[in-house]
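Chemist: Quick one: this structure, given as structure tokens, is what I'll be asking you about.
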């Protein structure tokens, strides 16, 4: 094992017994079995490999994300890495102390005060009393519970509780920090703080292994992911590529939520939007910010008019119109000739901020103000920032509504040339 | 070109295997995690009397009340002999030793199951949990002894140098209890039967031990079998140290200490054997 490698797993497997052999339900029965086959010799009838033949190696000082669907083996892997459960096959070599945070607040006792819980929880996580005392002030400051230190934690708000629990674990300072989905709890501000802290840990030369279902968090914190599926390692590499693969696993085609006009509208035979769909960059209706986006509308125009207009809007989760697209061209053929058209908007770099979006569509006549068709909330899709890593400050909801690409130029009097860079995407 | 040497110590490599060698014995683990052991014991002590009106007074009140009941039932009603010592003090001394033993066996056995959340989510040497029940039980016993000595002096009795041996008997009782508690805890993870068997077993053991009566009251034909119970010599020894009642025979003491060592070794082995599966089974 090279000294620059922090974690190395070879042929790692974990098997669980689903049904046992003639199950010993009482102690005497089990004692009888023990005499015949001490400690579990003789296999169980049905077994499940929660993890099988997993190999990877993580260099010291890096942050690696572990992603996968439910039941993929993520938690089992973390439990093996943190020594909670032994593997059935293979081995893991760990260089340095492992600090695992598999659940926020494990070992907190509601009757104890904040101060008492800090010491107890620190000790449970493997810290010496002296170490905890040294970091006590930092923990309290991070958790923002100064005023409630001598209050039993059962009287804490859930936010305070979670902050305190994370603070203790975050100040463990192990060489290898293993963190399970802890960001599922807490508000946006807290999540930002946690991610910042974990980034700090990785930046400080220590290793972070991070399991999450939150792709924005994973892409903010890591450059490399392991994608687990059905106990195996499906992908090991670049975070954006891994996340795309994960999205592909999650759902079928890339055009979910397409709109089809209801039968009644079609039968009426007036001008209408026959169908609509959004073609996102990734499958399952997920769009990576900054990638090309295509919107397609099938328009049935039996009665063309000289001032026929089509327009659409992309609305965010709060129903704000973020993008507006239109086709009001004098020369547009659907103003003169009847027929079934496909109108396609091709956005080269769609840069809506992360979140959920829906489409609004309007088919109208400018002169008479007739509204042939008006659609709201169709073609839902999601925008992620997976392709737009940003160091130091992970993306948080509310950062903006739309991202703009730009060049930054940094000048100083006396410098021969200004420094330049790109604001992605 | 020589590579620059790192300015910090290389962290040690730890290997996790299906059958990982147990590099440290339980004692090594407990020593490495002594702060956790103490924190857990400290938590139990703090919590026991929080939100009680009488608070720490219960430490003294509990054995006093227990001894009062025993005195009434066995001393007054049943008229059991007490080897020439006032029955109340006689049984109070025995109950201090018995309470220590029973308290550790019962609480240690339940300790893993009670902390199943911890076991499933955090790694630490599991033996810390049963072992952490010992300090609080020892403290209770020590306080009870202090009360007994105060009582003796207050009623005009004398306390001999022999009383100095009392802590040693208490330690032996605690060690025996921890050995059994380790086995009980490890088995209870898979078999909750233990939690039903245990109260019955402890009650049986209470009457099979010289708590409410002296060992000398057992008919001679049964003495040998009776002394197979290591608690007999340990409790007699404790009472001898505190009250000057007849000392147990050297052979019986040797047997009891041997059984104590055996219980500790067996407890350690069983616990070690089952420990790695706790998180999967609990």
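Protein chains in written order, with the numbering used here: chain A, 250 to 674; chain B, 483 to 764. All C-beta atoms, glycine included, are put in the ideal place defined by N, C-alpha and C.
#1: Whole angstroms are fine: how far does the CA of residue 451(A) sit from the CA of residue 417(A)?
#2: With a threshold of 8 Å between beta-carbons, can residue 420(A) be considered close to chain B, or not?
#3: I need the DSSP call for residue 355(A), collapsed to helix, strand or coil.
#4: Counting only C-beta atoms, is residue 328(A) closer than 8 Å to chain B at any point?
#5: Tell me whether residue 533(B) counts as near the ligand GTP, meaning its Cβ is closer than 7 Å to at least one heavy atom of that ligand.
#6: Examine chain B for any beta-carbon lying closer than 8 Å to the beta-carbon of residue 416(A), and answer yes or no.
#7: Under 8 Å, Cβ to Cβ, is there at least one residue of chain A near residue 608(B)?
#8: By the three-class DSSP mapping on this structure, what secondary structure does residue 570(A) have?
#9: Could you check whether the Cβ of residue 653(A) sits closer than 8 Å to any Cβ belonging to chain B?
#10: To the nearest angstrom, how far is the alpha carbon of residue 756(B) from that of residue 749(B)?
#11: At least one CB of chain B closer than 8 Å to the CB of residue 369(A): is that the case?
#12: From the DSSP output, in three-state form, read off residue 629(B) for me.
#13: Hey, quick one: how far does the alpha helix (DSSP H) through residue 369(A) stretch, first residue to last?
#14: For residue 423(A), tell me which candidate among 430(A), 408(A), 447(A) has the shortest Cα-Cα distance.
#15: Suppose the cutoff is 7 Å on Cβ atoms and the five residues either side in sequence are ignored; what does the same chain contact list for residue 383(A) look like?
#16: Using DSSP with H/G/I as helix, E/B as strand and the rest coil, what is residue 293(A)?
#17: Taking the alpha carbon of residue 628(A) as the point to measure from, which residue in 622(A), 527(A), 556(A) has its own alpha carbon closest?
#18: Using a Cβ-Cβ cutoff of less than 8 Å, which residues in the same chain neighbour residue 521(A) once the five nearest sequence positions on both sides are dropped?
#19: Under the three-state reduction of DSSP, which class applies to residue 761(B): helix, strand or coil?
#20: Under the three-state reduction of DSSP, which class applies to residue 545(A): helix, strand or coil?
#21: Taking the alpha carbon of residue 541(B) as the reference point, which residue from 762(B), 501(B), 527(B) has its own alpha carbon closest?
#22: Would you kindly work out how many angstroms separate the C-alpha atoms of residue 670(A) and residue 656(A), rounded to a whole number?
#23: Determine the contact status of residue 402(A) and residue 361(A), defining contact as a CB-CB distance below 8 Å.
#24: Please state whether DSSP places residue 515(B) in a helix, a strand or coil.
#25: Find the residues of chain A that neighbour residue 600(B), judging by a C-beta separation of less than 7 Å, and give them in chain order.
#26: Does the Cβ of residue 728(B) have 16 or more other Cβ atoms within 10 Å, making it buried, or fewer, making it exposed?
#27: Write down every uninterrupted run of the alpha helix (DSSP H) in the region 514-591 of chain B whose length is 4 residues or greater and which is fully enclosed by it, in chain order.
#28: At the level of alpha carbons, what is the spacing between residue 539(A) and residue 652(A)?
#29: For residue 587(A) and residue 563(A), what's the separation of their Cα atoms in angstroms?
#30: If the cut is a Cβ gap below 9 Å, which residues of chain B does residue 341(A) touch?
#31: Considering only their Cβ atoms, is the gap separating residue 367(A) from residue 604(B) smaller than 8 Å?
#32: Short of 6 Å in beta carbon distance, which residues of its chain neighbour residue 267(A), apart from the five on each side in sequence? Order them along the chain.
#33: Strictly below 7 Å CB to CB, what residues from chain B border residue 345(A)?
#34: Can you pull the chain B neighbours of residue 333(A), defined as C-beta to C-beta under 8 Å?
#35: Tell me whether residue 316(A) is buried or exposed, calling it buried when 16 or more other Cβ atoms sit within 10 Å of its Cβ.
#36: CB residue 717(B) to CB residue 576(B), shorter than 8 Å?
Modeler: For this structure:
#1: Rounded to the nearest angstrom, the two C-alpha atoms are 17 Å apart.
#2: Residue 420(A) does not count as touching chain B.
#3: DSSP, reduced to helix, strand and coil, places residue 355(A) outside both helices and strands of the structure shown, so it counts as coil.
#4: Interface residue, yes.
#5: The ligand GTP is not among the ligands present in this structure, which contains no ligands whatsoever.
#6: False, the Cβ-Cβ gap to chain B never drops below 8 Å.
#7: Closer than 8 Å: no.
#8: Here residue 570(A) sits in strand by DSSP.
#9: Closer than 8 Å: no.
#10: Each residue's alpha carbon lies about 11 Å from the other.
#11: By this cut-off, residue 369(A) is an interface position.
#12: In the three-state reduction of the DSSP assignment, residue 629(B) falls in the helix class, which pools H, G and I.
#13: In the DSSP assignment, residue 369(A) falls within the unbroken alpha helix (DSSP H) covering 363-373.
#14: Selected option, being the one with the closest Cα: 447(A).
#15: Cβ within range, chain order: n/a, list empty.
#16: Bear in mind that the predicted position of residue 293(A) carries a pLDDT of just 47, short of 50, making it unreliable; the figure below should be weighed with that in mind. For residue 293(A), the three-state secondary structure derived from DSSP is coil.
#17: Nearest to residue 628(A) by alpha-carbon distance, out of 622(A), 527(A), 556(A), is 527(A).
#18: 510, 514, 515, 548, 549, 612, 621, 622.
#19: In the structure shown, the three-state DSSP call for residue 761(B) is helix.
#20: Strand, per DSSP.
#21: The residue with the shortest Cα to Cα distance from residue 541(B) is 527(B).
#22: The alpha-carbon atoms of residue 670(A) and residue 656(A) are separated by roughly 6 Å.
#23: With a cutoff of 8 Å on beta-carbon distance, residue 402(A) and residue 361(A) are scored as near each other.
#24: The answer is coil: DSSP assigns residue 515(B) none of H, G, I, E or B.
#25: Those within 7 Å of residue 600(B) in chain A are 355, 356, 373.
#26: Counting every other CB atom within 10 Å of its CB across the protein chains shown gives residue 728(B) a total below 16, marking it as exposed.
#27: Counting whole runs of 4 or more residues, the region 514-591 of chain B contains the alpha helix (DSSP H) stretches 516-530, 539-552.
#28: So the two alpha carbons sit approximately 8 Å from each other.
#29: In a straight line, the C-alpha of residue 587(A) is about 28 Å away from that of residue 563(A).
#30: For the C-beta of residue 341(A), the chain B residues within less than 9 Å are, from N- to C-terminus, 496, 497, 498, 499.
#31: Cβ distance not < 8 Å, so residue 604(B) and residue 367(A) don't count as in contact.
#32: For residue 267(A), same chain residues with a beta-carbon under 6 Å away, outside a window of 5 residues either side, are 295, 297 in chain order.
#33: Result: 493.
#34: Correct list: 601, 602, 603, 604, 605, 761.
#35: Counting Cβ neighbours within 10 Å, residue 316(A) comes out buried, since at least 16 surround it.
#36: Going by C-beta atoms, residue 717(B) is nearer than 8 Å to residue 576(B).
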